[in-house]
Amino acid sequence: MAIEHPTASQRQDLPPAAFAMHYQDAKGNEQHKLPHHINTVASPSDNASVDVPRLRNALARINQTDGPASARAEALAHLRAHAKDLLSSSESNKALGEIDVALRKIDQEIIMEKNEGGMTVGQFLTYAGEQITKAKADKKPEDMQKRLDSLGAACGIAKSVYDSGASAAQIPMYVDRDQQQPTESNLPASVFLGKAALNTPEDITKAMGTVGEQIAELKKGPTAPAAAPAVPAGPEWPTDLATKTFLTKSDKPANEWGNDPAGLK
Numbered sequence: 051m052a053i054e055h056p057t058a059s060q061r062q063d064l065p066p067a068a069f070a071m072h073y074q075d076a077k078g079n080e081q082h083k084l085p086h087h088i089n090t091v092a093s094p095s096d097n098a099s100v101d102v103p104r105l106r107n108a109l110a111r112i113n114q115t116d117g118p119a120s121a122r123a124e125a126l127a128h129l130r131a132h133a134k135d136l137l138s139s140s141e142s143n144k145a146l147g148e149i150d151v152a153l154r155k156i157d158q159e160i161i162m163e164k165n166e167g168g169m170t171v172g173q174f175l176t177y178a179g180e181q182i183t184k185a186k187a188d189k190k191p192e193d194m195q196k197r198l199d200s201l202g203a204a205c206g207i208a209k210s211v212y213d214s215g216a217s218a219a220q221i222p223m224y225v226d227r228d229q230q231q232p233t234e235s236n237l238p239a240s241v242f243l244g245k246a247a248l249n250t251p252e253d254i255t256k257a258m259g260t261v262g263e264q265i266a267e268l269k270k271g272p273t274a275p276a277a278a279p280a281v282p283a284g285p286e287w288p289t290d291l292a293t294k295t296f297l298t299k300s301d302k303p304a305n306e307w308g309n310d311p312a313g314l315k
């Protein structure tokens, strides 16, 4: 049974391989933190022994965990590897969804820390264009929905900040699931290379409105193809021609089944 919040005694029962963070404290004692495996774990890299609720909690707590920054960075890389492997599986449940959210939150914090000056309007519009292009290419509808939801929320934040007269805004950016930990080398170009800021509030409002329209259009999904035009109805031909009189003059006597429309003798 999964344990969401291991007690001190339960943590003592776990082997070192069950933890992500390892270091020596000032007194030389070995410290093991951020448990994410069950107690029968054989190898730290074993995904089969990962306890999903513990992994979720470890990701949520990593930035608040005491210890050397280098040990925390190694722990994050280790937890990230487990999370990405689990998220790439076909299984889908609430706990995995929470892991996805926790991982994206961590990556957004890293991006915002590296981009502490904030985005200009031009940078944000470049970023928005990148996300709309990626949304069109997303293979899973749920991935496209998450991306567009994130962009929609970012638009709301950006517009309120820019409308206040600020030249830059701290924008929570969407992180692709298959992206490596954000670094300066793999951040979207829009973080550092943006177009010049737009000149007037009207320009900004119009540009942000265009982004909103594109988001709404993509969320509607593909437009159904137009129905083929109806074929005009033809003459109501009888199903049994022998029962109809097509010639007004026929010198052949009517048989018991009716007049012969061909008028043959």
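Numbering (my numbering), first residue to last: 51 to 315. Think of the CB as a built atom: it goes at the ideal place given N, C-alpha and C, for glycine as much as any other residue. Remember, it's a predicted structure, so these values are computed and weren't measured experimentally.
- Apart from the 5 residues on each side of it in sequence, Asp188 sits with its Cβ closer than 8 Å to the Cβ of Met194 and Arg197 in its chain, given in chain order.
- Within the same chain, no residue comes within 7 Å of Asn143 by CB-CB distance, once the 5 residues on both sides are set aside.
- The C-beta distance from Ala133 to Ile112 rounds to 11 Å, too long to fall under 8 Å, and the pair is not in contact.
- Residue nearest to Thr90 within the set Gln81, Lys83, Val100 and Gly117 is Val100 (criterion: CA-CA distance).
- When rounded, the separation of the alpha-carbon atoms in Glu159 and Lys270 is 30 Å.
- Sequence-distant Cβ neighbours of Pro94 in its own chain, meaning closer than 6 Å and more than five residues away, are Ala67.
- In the structure shown, Ala68 falls within a helical segment according to DSSP collapsed to helix, strand and coil.
- If you draw a straight line from the Cα of Pro191 to the Cα of Ser210, it comes to about 29 Å.
- Put simply, the region 145-153 touches the region 103-120. At least three CB pairs are less than 8 Å apart.
- Note: Val100 is bridge-paired with His87 in the DSSP secondary-structure output.
- Taking all protein chains in view, the Cβ of Asp253 is surrounded by fewer than 16 other Cβ atoms within 10 Å, so the residue is classified as exposed.
- Annotation for Lys189: no alpha helix (DSSP H) segment contains it, and DSSP assigns it neither H nor E.
- Spanning the alpha carbons of Ser217 and Val102 requires a straight line of approximately 42 Å.
- Per DSSP, Met258 is one residue of the alpha helix (DSSP H) stretching across Pro251 to Lys270.
- Nearest neighbour of Pro85 by Cα position, chosen from Gly78, Gln264, Ser200 and Asp63, turns out to be Asp63.
- Secondary structure of Gln220 (DSSP, three-state): coil.
- In this structure, Tyr212 places its C-beta atom within 9 Å of the C-beta atom of Met258.
- The C-beta distance from Ala204 to Ile221 rounds to 5 Å, short enough to fall under 8 Å.
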